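So the structure is just underneath, and the comments pick up after that.
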Amino acid sequence: MKLTFSLVLCVLGISSVIAGPLPDPGSIAPIILERHAKFLSANHVLNFAAMDKHLKSIDNKFSKGLRNYERNTGQIHPLKTAVHPKKGSKRVQGSGIGNGRCKLGGNGNGNGSGNGSDNSNGNDNGNGNGNGNGNGNGNGNGNGNGNGNGNGNGNGNGNGNGNGNGNGNGNGNGNGSDNGNGTVSGNGGDGDVHLTNVQNDLLYAGKMTFGGQSFSIDFDTGSADTLVNPSAYDPKKSQDSKKTGKSFDAAYGDGTAAQGPIYTDSFEIAGLQARGVAIGRSLSEFIKDEDVNQGVSGLSFPSIQAFPKSYLPFFVSLMKQKAVSQGVFQFTLKHGSSPDSILHLGSVDHSKGKGPLKYIDVDPSLGFWVADASINGKPIKAIVDSGSTIISGPKAQVEDVIRTIPGIEAVQETDSVMYVFSCEQTPNVVISIAGLDVKLGHNQTRYGKTDDGRCVFPVAALPDMPLDAWILGDTFFQMTTIVFDMAQNRMGFALQA
C-alpha cells in the first residue's frame, strides 16, 4: 500500500490543513551531515583516514536523521527498531481508511473512501502512521494495508491503539483525489542542473540561487535541509530575505561544526522559482577544499528534516507552489570527467536510460529514499543516497556479501573495514532493485589504490551503523539513471543510456 506525500505532510503537521501543532523543535536545529575530504592523491592512492572520516560522518548523518524523525513524528524510526527493537513490541499489519484532518493525538474524522489499484489515479493513502492517541473514525470503504512496521497495536507505524479501521489518526488507504494523477497540477515547468564531478567522484555539485545569489552545492538525497558557507549567500543583498529567528547547529564526523541563522528567501533552480524557501547560513566556512562546492542541499522527505517543520526542503516548496510540472527529480551521474552529469527537475527524461524505468514504491513517512534490494542475491534494505561517495552497510551484512566475491580481502587501517583486490580482477557485483539487475562496471568496482598497488573496493563495512540498511552512494548512481518521484512515492531505475 502506498501513501501520498500530501498525507505525510499532514501527519507531520505541515499540511495546508493543520488540525494540531507539533511540538516546536526549538530555536536551534541540530544537524549532523557528512563532510568530504580529499580521498585520492595525485597518483590515485586512497587516503584511508579521510575515507574513514567520511564514513563516520555518514553514520552521524543517518543517526541524526533518525533522531529528527523521532522528534518530528513522536515515533521511533522502523529502520532503527529493526536493529534495536523496543521490549514488548511487535509488528502488525492493519487495514483501514480515512484521510481526515490528521492530528497527532486528536480526532481524525477521516472520510477517505474508494478503492484504487495504485497511486496513479491520485490518492490520499495512509500507511497507518498514527501514534495511537487519535480516534480517526474514518468512515470510507477503501481497502488498505498498513505498512506493517508498527509497534504495539497500531496500524502500520503507529504505537498504541489504532486498529486499522480508521482509528488512530484516520490514516488509511482510501484513494481520493489529492493530486489528480499523482503529479503536481498547474503550469509548472522542468529543467536541468548540470553537475560538476568534484575531485575524482568525491561529490557532484550544481547551481542554485537564493535571493539572486548563485552558488554550487552538493545535492543530497539522504538529508532534507539546505546549508551554505557565508561567502555563498549574504541575506543583506536580497530584498526578499527574512530572518526566521531560528538557528541551526551542524556537527560533522570529522569534528568540525557549523552554526548560524535560518533565513527564507526567493529561490531559483534550473529556471524554476519558489518563494520563502529556507536556507541555513553558516557563520564560518564549514566546507573547504571541495573546489566549487559551497554547501549541501537535501532532497529527502520532511520527516527527517532538522529545520523547524514550517521550513520545508526546497523541492517540496517547488511542488507546493506548483513550480514543477511533476513532483519528480532525476539523477544521472557519470564517472570521471564526463560533462553529462545531470539533475533533472520537474519531469522524467527518458533519454537518459536504456529501456523503460523499473519502479519500486517508497514510504515517504520514513523520510529516506529506502527500498528492498539485494546484492549478489543477499537481501538488503537500501537507502539511495546521492550524498555518499561509495557504498556502505552494516558490518555483518557486508561480510556476508564479500564472501560471495572471490579474491577480495579485508583491510582495517581505521575503524571502518574496507576491502582490496588485485587490479587485474573485476569483482562480480550485481545490485538488484525494482526488478532491475545493476552489475557494477570496471570503474565502479574500484576507488583508488593502496600503496602496494592493489585496488580498493568501493564498499565499506561500518561497525556502528545506526540503522538496518545499506547506503547506495555515487558508485551505484554511476551505473543508473534514477527517478525520485515524490508525487507517487516511488523510485524508478534504468541502466544509463
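The sequence shown maps to residues -19 to -1, 1 to 478 in mature numbering (1 follows the signal peptide of the UniProt record, and there is no 0).
Every residue, glycine too, gets a C-beta built ideally from N, C-alpha and C.
Computed from a prediction, not measured in an experiment: that's the story for all the values here.
Should residue 359 and residue 392 be called a contact, given that it needs their Cβ atoms to be closer than 7 Å?
Here the question's residue 359 lines up with position 378 in the sequence shown. Here the question's residue 392 lines up with position 411 in the sequence shown. Not in contact: residue 359 and residue 392 (Cβ atoms no closer than 7 Å).
State the DSSP-derived secondary structure class of residue 269, mapped to helix, strand or coil.
In the sequence shown, the residue the question calls residue 269 occupies position 288. Collapsing the DSSP output to three states places residue 269 in coil.
Ends of the alpha helix (DSSP H) at residue 339?
In the sequence shown, the residue the question calls residue 339 occupies position 358. Looking at the DSSP string, residue 339 is not in any alpha helix (DSSP H); the run it does join, the beta strand (DSSP E), is 339 to 342.
Using CA atoms only, rank isn't needed, just tell me which of 430, 361, 290, 313 is closest to residue 53.
Within the sequence shown, numbered from 1, the residue matching residue 53 stands at position 72. Checked all of 430, 361, 290, 313; the closest Cα to residue 53 is 290.
So with Cβ pairs under 7 Å, would you call residue 20 a contact of chain B?
Chain labels in this structure do not include chain B; a single protein chain is all it has.
Any chance you could list the beta strand (DSSP E) runs of at least 3 consecutive residues sitting entirely within the stretch 383 to 444, in chain order?
Secondary structure in the stretch 383 to 444: the beta strand (DSSP E) runs of 3 residues or longer, each lying completely within the stretch, are 390 to 392, 398 to 402, 411 to 414, 417 to 420, 436 to 443 in chain order.
Tell me the DSSP secondary structure of residue 229 in three-state form.
Looking up residue 229 in the sequence shown gives position 248. Per DSSP, reduced to three states, the secondary structure at residue 229 is strand.
Using only the alpha-carbon positions, how far apart do residue 474 and residue 278 sit?
Locating residue 474 in the sequence shown gives position 493, counting from the first residue. Locating residue 278 in the sequence shown gives position 297, counting from the first residue. Their Cα atoms are separated by approximately 22 Å.
Quick check on the DSSP output: the alpha helix (DSSP H) that includes residue 476 runs from which residue to which?
Position 495 of the sequence shown, counted from the start, is the residue given in the question as residue 476. Bounds of any alpha helix (DSSP H) do not take in residue 476; it lies within the beta strand (DSSP E) bounded by 471 to 476.
Inspect the CB distances between the stretch 189 to 209 and the stretch 39 to 50 and report whether three or more fall short of 8 Å.
These segments touch.
Span separating the alpha-carbon of residue 379 from that of residue 438
Here the question's residue 379 lines up with position 398 in the sequence shown. Here the question's residue 438 lines up with position 457 in the sequence shown. Cα to Cα, the separation comes out at about 12 Å.
Verify whether the separation of the beta carbon atoms of residue 373 and residue 441 is less than 7 Å.
Sequence index remark: in the sequence shown, residue 373 carries index 392 (1-based). Sequence index remark: in the sequence shown, residue 441 carries index 460 (1-based). Yes, these two residues count as a Cβ contact at 7 Å.
Terminal residues of the alpha helix (DSSP H) in which residue 47 lies
In the sequence shown, counting from the first residue as 1, residue 47 sits at position 66. Start and end: 29 to 54.
Tell me whether residue 373 sits in a helix, a strand or coil according to DSSP, three-state version.
Translated into the one-based positions of the sequence shown, residue 373 becomes position 392. In the structure shown, residue 373 falls within a strand segment according to DSSP collapsed to helix, strand and coil.
Do the stretch 320 to 340 and the stretch 411 to 423 make contact, defined as three or more Cβ pairs closer than 8 Å?
With the cut-off at 8 Å, the stretch 320 to 340 and the stretch 411 to 423 touch.
In terms of alpha-carbon separation, which member of 213, 448, 25, 453 lies closest to residue 354?
Reading the sequence shown from its first residue, position 373 is the one you call residue 354. Of 213, 448, 25, 453, the residue nearest in Cα terms is 453.
Quick one: residues in its chain with C-beta nearer than 6 Å to the C-beta of residue 406, no 5 flanking neighbours on either side, listed in chain order?
Walking along the sequence shown from the start, residue 406 turns up at place 425. Excluding residues within five positions, the ones whose Cβ falls inside 6 Å are 388.
Count the other CB atoms, across all protein chains shown, that sit within 10 Å of the CB of residue 224; report buried if there are 16 or more and exposed otherwise.
Counted from its first residue, the sequence shown places residue 224 at position 243. It counts as exposed.
Does DSSP put residue 189 in a helix, a strand or coil?
Position 208 of the sequence shown, counting from 1, holds the residue named residue 189. Judged by DSSP in its simplified three-state form, residue 189 adopts strand.
Among all the DSSP beta bridges, which residues are the ones paired with residue 26?
Counting from one through the sequence shown, the residue named residue 26 turns up at place 45. Looking at the DSSP output, residue 26 shares a beta bridge with 430.
Note down the Cα distance separating residue 297 from residue 427, rounded to an integer number of angstroms.
Counting from one through the sequence shown, the residue named residue 297 turns up at place 316. Counting from one through the sequence shown, the residue named residue 427 turns up at place 446. Looking at the two C-alpha atoms, the distance is approximately 35 Å.
Excluding sequence positions up to five away, which residues of its chain have a Cβ less than 7 Å from the Cβ of residue 332?
Working through the sequence shown from its first residue, we reach residue 332 at position 351. Cβ neighbours of residue 332 beyond the five flanking positions: 478.
Does the separation of the CB atoms of residue 430 and residue 26 fall below 7 Å?
Along the sequence shown, read from residue 1 onward, the residue named residue 430 stands at position 449. Along the sequence shown, read from residue 1 onward, the residue named residue 26 stands at position 45. A contact, by the Cβ cut-off of 7 Å.
Looking only at its chain, what residues have a beta carbon closer than 6 Å to the beta carbon of residue 420, apart from the 5 residues adjacent to it on each side?
What you label residue 420 is simply residue 439 of the sequence shown in a count that begins at 1. Here the set comprises 411.
Report yes if the C-beta distance between residue 346 and residue 284 is below 7 Å; otherwise report no.
Counting from one through the sequence shown, the residue named residue 346 turns up at place 365. Counting from one through the sequence shown, the residue named residue 284 turns up at place 303. With respect to residue 284, residue 346 sits close: the two C-beta atoms are nearer than 7 Å.
Residues in the same chain with beta-carbon distance under 7 Å from residue 63, minus the five sequence neighbours each way, listed in chain order, please.
For the purposes of this step, residue 63 is taken as residue 82 along the sequence shown, with counting starting at 1. Low local confidence applies: a pLDDT of 49 at residue 63 is under 50, so the model's placement there is unreliable, and no value is given.
My understanding is that residue 327 touches residue 170, with C-beta atoms under 8 Å, so please give their C-beta distance in whole angstroms.
Here residue 327 refers to the residue found at position 346 when the sequence shown is read from its first residue. Here residue 170 refers to the residue found at position 189 when the sequence shown is read from its first residue. The C-beta distance from residue 327 to residue 170 rounds to 6 Å, short enough to fall under 8 Å.
So is residue 404 buried or exposed if we call it buried at 16+ other beta carbons inside 10 Å?
On the sequence shown, position 423 is the one that residue 404 refers to. With fewer than 16 neighbouring CB atoms inside 10 Å of its own CB, residue 404 falls in the exposed class.
Less than 7 Å separating the beta-carbons of residue 261 and residue 229?
Here residue 261 is taken as the residue at index 280 of the sequence shown, counted from 1. Here residue 229 is taken as the residue at index 248 of the sequence shown, counted from 1. The answer is yes: Cβ separation under 7 Å.
Near residue 320, which residues of its chain fall below 8 Å by C-beta distance, leaving aside the five closest residues on each side in sequence?
Residue 320 sits at position 339 when you count from the first residue of the sequence shown. The answer, listed in chain order, is 175.
Can you tell me the Cα-Cα spacing of residue 196 and residue 61, whole angstroms?
The residue labelled residue 196 in the question sits at position 215 within the sequence shown. The residue labelled residue 61 in the question sits at position 80 within the sequence shown. In a straight line, the C-alpha of residue 196 is about 35 Å away from that of residue 61.
Would you grab the beta carbon distance between residue 385 and residue 29 for me? Rounded to a whole angstrom, and I think it's under 8 Å.
Working through the sequence shown from its first residue, we reach residue 385 at position 404. Working through the sequence shown from its first residue, we reach residue 29 at position 48. Incorrect: roughly 24 Å between the Cβ atoms, too far for contact.
Pull up the distance between the alpha-carbon of residue 370 and that of residue 257, whole angstroms please.
Reading the sequence shown from its first residue, position 389 is the one you call residue 370. Reading the sequence shown from its first residue, position 276 is the one you call residue 257. Going from the Cα of residue 370 to the Cα of residue 257 covers about 31 Å.
So who's on the other strand from residue 224, going by DSSP bridges?
Position 243 of the sequence shown, counted from the first residue, corresponds to residue 224. 244, per the DSSP bridge assignment.
Among 323, 226, 209, the one whose alpha carbon lies nearest that of residue 263
What you label residue 263 is simply residue 282 of the sequence shown in a count that begins at 1. That would be 209, whose Cα lies nearest to the Cα of residue 263.
Reference residue 21; option with closest CA among 192, 472, 436:
Position 40 of the sequence shown, counted from the start, is the residue given in the question as residue 21. Ranked by Cα distance from residue 21, the options 192, 472, 436 are led by 436.
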